[in-house]
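Residue numbers (my numbering), protein chains in the order written: chain U, 2 to 445; chain D, 267 to 602. Working notes, structure below.
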Amino acid sequence: MSQHQPQAASGGAFRAPLLFAAMAALLLLEGTTGSWNSALYILNTGLIAAIMALGVNMQWGYAGLFNTGVVGFVAIGGLAPVLISMPPNTGAFSAGGFGIVLALAVAAGVIALAVLANRRLTFQRRVVVVPALLICGFFLYRAIFDPAANAIEGVNTAAAGNLGGLNLPVLFSWPVGALFAAGAAWVVGKTALGLRSDYLAIATLGIGEIIVAVIKNEDWLARGVMNINGIPRPWPVPYEVALQDSPAFLERAAALGIDPVTASTLLVKLCYTGLLALVLLALIWLSQLALHSPWGRMMRAIRDNETAAAAMGKNVTLRHLQIFIIGSAVCGLAGAMLITMDGQMTPGSYNPLRFTFLVWVMVIVGGSGNNWGAVLGAMLIWFLWIKVEVWGPQIMVALTSGLAEGSALKQHLVESAAQMRLLTMGVILLLVLRFSPRGLLPEK
Amino acid sequence: MDFLNAIVALMNYVIIPASSYGAQLALGALGVTLIYGILRFSNFAHGDTMAFGSGITILLTWGLQALGVGLGQLPTALLALPFGIALTAALVLVTDRAVYRFYRKKKSAPVILVMASVGVMFIMNGITRFMIGVDEIRFDDGLRFIISAKEFKAATGLDEALALRSTQVITVVTALLVVWALFWFLNRTRTGKSMRAFSDNEDLALLSGINPEKVVAVTWILAAALATTAGTLYGLDKAFKAFNYFQLLLPIFAAAIVGGLGNPLGAIAGGFIIAFSEVAVTYDFRKVVGYLMPGDWSPDGPIQLLSTEYKFAVSFAILIIVLLFKPTGLFKGKSV
Numbered sequence: 002m003s004q005h006q007p008q009a010a011s012g013g014a015f016r017a018p019l020l021f022a023a024m025a026a027l028l029l030l031e032g033t034t035g036s037w038n039s040a041l042y043i044l045n046t047g048l049i050a051a052i053m054a055l056g057v058n059m060q061w062g063y064a065g066l067f068n069t070g071v072v073g074f075v076a077i078g079g080l081a082p083v084l085i086s087m088p089p090n091t092g093a094f095s096a097g098g099f100g101i102v103l104a105l106a107v108a109a110g111v112i113a114l115a116v117l118a119n120r121r122l123t124f125q126r127r128v129v130v131v132p133a134l135l136i137c138g139f140f141l142y143r144a145i146f147d148p149a150a151n152a153i154e155g156v157n158t159a160a161a162g163n164l165g166g167l168n169l170p171v172l173f174s175w176p177v178g179a180l181f182a183a184g185a186a187w188v189v190g191k192t193a194l195g196l197r198s199d200y201l202a203i204a205t206l207g208i209g210e211i212i213v214a215v216i217k218n219e220d221w222l223a224r225g226v227m228n229i230n231g232i233p234r235p236w237p238v239p240y241e242v243a244l245q246d247s248p249a250f251l252e253r254a255a256a257l258g259i260d261p262v263t264a265s266t267l268l269v270k271l272c273y274t275g276l277l278a279l280v281l282l283a284l285i286w287l288s289q290l291a292l293h294s295p296w297g298r299m300m301r302a303i304r305d306n307e308t309a310a311a312a313m314g315k316n317v318t319l320r321h322l323q324i325f326i327i328g329s330a331v332c333g334l335a336g337a338m339l340i341t342m343d344g345q346m347t348p349g350s351y352n353p354l355r356f357t358f359l360v361w362v363m364v365i366v367g368g369s370g371n372n373w374g375a376v377l378g379a380m381l382i383w384f385l386w387i388k389v390e391v392w393g394p395q396i397m398v399a400l401t402s403g404l405a406e407g408s409a410l411k412q413h414l415v416e417s418a419a420q421m422r423l424l425t426m427g428v429i430l431l432l433v434l435r436f437s438p439r440g441l442l443p444e445k
Numbered sequence: 267m268d269f270l271n272a273i274v275a276l277m278n279y280v281i282i283p284a285s286s287y288g289a290q291l292a293l294g295a296l297g298v299t300l301i302y303g304i305l306r307f308s309n310f311a312h313g314d315t316m317a318f319g320s321g322i323t324i325l326l327t328w329g330l331q332a333l334g335v336g337l338g339q340l341p342t343a344l345l346a347l348p349f350g351i352a353l354t355a356a357l358v359l360v361t362d363r364a365v366y367r368f369y370r371k372k373k374s375a376p377v378i379l380v381m382a383s384v385g386v387m388f389i390m391n392g393i394t395r396f397m398i399g400v401d402e403i404r405f406d407d408g409l410r411f412i413i414s415a416k417e418f419k420a421a422t423g424l425d426e427a428l429a430l431r432s433t434q435v436i437t438v439v440t441a442l443l444v445v446w447a448l449f450w451f452l453n454r455t456r457t458g459k460s461m462r463a464f465s466d467n468e469d470l471a472l473l474s475g476i477n478p479e480k481v482v483a484v485t486w487i488l489a490a491a492l493a494t495t496a497g498t499l500y501g502l503d504k505a506f507k508a509f510n511y512f513q514l515l516l517p518i519f520a521a522a523i524v525g526g527l528g529n530p531l532g533a534i535a536g537g538f539i540i541a542f543s544e545v546a547v548t549y550d551f552r553k554v555v556g557y558l559m560p561g562d563w564s565p566d567g568p569i570q571l572l573s574t575e576y577k578f579a580v581s582f583a584i585l586i587i588v589l590l591f592k593p594t595g596l597f598k599g600k601s602v
């Protein structure tokens, strides 16, 4: 058996390299016909999408778990750069930080107590004690939490009004983002795994909505919809302004014949490309190792026949929980990287269609169960997602050229053509699911 | 007097809005639960079926308004609704033929059907946006209030006002009629009985000569009718916005699961449970408590369990509690 998955795919050993070369050609075409800046932008965001797709592929491809809350795990990961790398809001922590920590500790303690009571007590006592505990606990939590949150929001409201961060290097926030997402995944997985497969889909849909709602509304945490700007850059990536001031850089740019502003934006993007590609390759390497280890074989055995695996003494629910947490952590990592690269946190942009269901299209199109397939699918679908928005109106203008200029129908059609990309993604998903369910790069 | 004021405030802000919202959720959850009972998967496209159905009903309403046809005091949308249902049913039947039938014949795992329904969701969402755009649309016409706040105050002399919007009454009345018709159909007609038989035991139903394709087609038509009605009522009551219907998916699923997936009676109960908890938990009880407390004392801050933005958290919490303690739902559904 080959160690390289794609080699065993139909179409022979060259299928994967050829498809990746075609993808590269598409990006080069974008660079030469459009602009290199936009080509690099698509490449960088595509690399981050590829990491999300890897996470979803672990859950779906390795274990058959349907997670519809990817947007929530990406969003909670995006919280990490804010909390780790932003400068602290002076005075905010002393104003309410202690109260917040205490309130969260109370909440965790009450829930732990309720779980304990639920396990230990008889049914008659349980139905009284557990709800009573939870209700009293909730009011206690609110009594501590509300004044603390208001106090924090009152500190330096116009510029910050939030807790601020720890002022640590932003690279450190990436694993922290993964940890945040893992924690959220543990809570959902613990309740919804082990039930019917659809239930996990519905429960994750809920947790996704809730995490995004929390980030939008808890101003003390990350300013909510007021957004956070100026998240510091990770270590090797320079600032454009600094580059444009550096004589050595200006000389280089002049030698290459590129104007300094374009050259600086290109260099910054290239630095990000290197950094993101490094993380992506490390993740692929790790997950390929895991997939070919006894652990990976066990996972696939569970996916292919749960009953048989359980009969062999494998703890199916525990393994599902494990892979669900790992996959969500990878999504959280991608979320932290996305916020770092954007340099700002805009909770309004977390749309489930874009961050959950689009990632699903990527995984299905690429080939579920195949890590390289997930990466290829992510790059391709992301490219189309960006370009269809541009092509849609152009095609519509061409199609409606027969209609009278200024007619209401023509205007409506051209204006709504930008909405075409959702339709396109749906059609692609259904076609692949129907005619090529194993995707572009099938699992061997 | 204060006691009456408290009751009126409670009616105005909790009981009336929650009843109409509950009726909308119940109709939505009925559609989900029917699909689940017969086709055995959770239909993620249901929210967008509602959006499509109400979108097309709005277009027809505008058409009727342009022709000068109306129902007088009632909103014109009610007249457009049957045509909207017919068009939505046609679209849904086409998706069944083009998408779901293949997986049904192959006896694919339910999760593959869920995945396919996500694809359908994308397509319906795209069509809806293409058709009617993404902006908020109000399309209620006719009589606005049955009891207006001013009249109520003048008639009763209370400090607290009660407003009863006609859309709220229309929602509840329509929902009652639809539910009555649905249960009559399921319990009294031959097709309805064969649907229930199919839902209880597919193999036995096939053996006794029930045509599965007919059962499936009728189920889709019913689901489309319920979705279009629920979506139009929701749009009349609040406003039409394509993305809102996607967000209704969670409360609708929660309602269907709380009642027991596959159980129509449960879906109705679930809809009202979710709606009343959502409204009660996110309502600020300051006014009510102020009236009930002796003297002029009134609370300083809001008495609100959760802010309105967290209404999804309520459906989610109820969903989790039911999943943990009674995964088959309150009224014994099918699934475990």
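The beta-carbon is built from N, C-alpha and C at its ideal position, and this holds for glycine as well.
Mind pulling the chain D residues with CB within less than 8 Å of U/E210? Q513, L516, F578, F582
Against chain U, with Cβ distances strictly below 9 Å, would D/F519 count as a contact? yes
Could you give the residue range of the beta strand (DSSP E) that holds D/I412? 411 to 413
In the structure shown, what three-state DSSP assignment does U/G165 receive? strand
Name the one or two DSSP bridge partners that U/N230 has. U/Q345
I'd like the span of the alpha helix (DSSP H) that includes D/G288, first residue to last. 282 to 305
Residues of the stretch 187 to 211 of chain U with a CB closer than 8 Å to any CB of chain D: list them in chain order, please. T192, A193, L196, R197, S198, D199, Y200, A202, I203, A204, L206, G207, I208, E210, I211
Report the rounded CA-to-CA distance for D/Y302 versus D/L527, giving the unit in angstroms. 7 Å
Out of curiosity, what's the CA-to-CA distance linking U/V366 and D/F349? 37 Å
Reference U/D305; option with closest CA among U/E444, U/R120, U/G407, U/L180: U/E444
Kindly list, in the order they appear in chain D, the residues whose Cβ is closer than 9 Å to that of U/S408. Going along chain D, no residue has its Cβ under 9 Å from U/S408, so there is no contact; the nearest lies around 17 Å.
For the stretch 296 to 319 of chain D, which residues have a CB atom closer than 9 Å to at least one CB atom of chain U, in sequence order? Y302, F307, S308, F310
Just to confirm before moving on: does the CB-CB distance between U/G62 and U/V364 stay below 9 Å? yes
Please classify U/I480: does DSSP put it in a helix, a strand, or coil? What the structure shows of chain U is the stretch from 2 to 445, and residue 480 of chain U is not part of that stretch, so it cannot be assessed.
Does any residue of chain D have a CB that is nearer than 9 Å to the CB of U/L421? In the sequence under discussion, the amino acid at residue 421 of chain U is Met, which differs from the Leu named in the question. Yes, U/M421 lies at the interface with chain D (some Cβ there is under 9 Å from its Cβ).
Can you name the residues of chain U whose CB is closer than 8 Å to the CB of D/M277? Neighbours of D/M277 on chain U: none; closest Cβ ~25 Å, over 8 Å.
D/P376 by DSSP, collapsed to three states: which one? helix
Could you check where the alpha helix (DSSP H) with D/P530 kicks off and where it finishes? 530 to 548
Consider the Cβ of U/R143: report whether some Cβ of chain D lies at a distance smaller than 9 Å. yes
Can you tell me which of U/Q245, U/G79, U/M313 puts its alpha carbon nearest to the alpha carbon of U/L334? U/G79
Chain-ordered chain D contacts of U/N163 [CB-CB under 7 Å]: By Cβ distance, chain D contributes nothing, its closest Cβ being about 17 Å from U/N163, past 7 Å.
Closest to U/Q60 by CA distance: which of U/T91, U/A204, U/S369 is it? U/S369
For D/R395, name the three-state secondary structure that DSSP assigns. helix
Just checking: is the beta-carbon of U/G427 within a distance shorter than 9 Å of some beta-carbon in chain D? yes
Specify, as a first and last residue, the run of the alpha helix (DSSP H) that U/D260 falls within. Unbroken run through U/D260: none, as it is neither H nor E.
Euclidean distance between Cα positions of U/F124 and D/K592: 14 Å
To the nearest angstrom, how far is it from the Cα of U/L354 to the Cα of D/A521? 23 Å
Taking any Cβ of chain D, which residues in the stretch 45 to 66 of chain U have a Cβ under 8 Å from it, in chain order? G65
Going by DSSP, which residues form a beta bridge with U/P89? U/G165
Could you give the C-beta distance for U/G225 and U/N218, rounded to a whole number, given that I count them as a contact under 8 Å? 6 Å
Start and end of the alpha helix (DSSP H) containing D/F464? 456 to 466
Name, please, each residue of chain U whose Cβ falls closer than 8 Å to the Cβ of D/G536. Under the 8 Å cutoff, chain U gives no residues; its nearest Cβ is about 13 Å from D/G536.
On the criterion of 16 or more Cβ atoms from any shown chain inside 10 Å, does U/R120 qualify as buried, or is it exposed? exposed
Whole angstroms are fine: how far does the CA of D/L596 sit from the CA of D/V484? 27 Å
Can you name the residues of chain D whose CB is closer than 8 Å to the CB of U/F358? V384, M387, F388
Are U/M24 and U/L381 touching if we call contact CB-CB under 9 Å? yes
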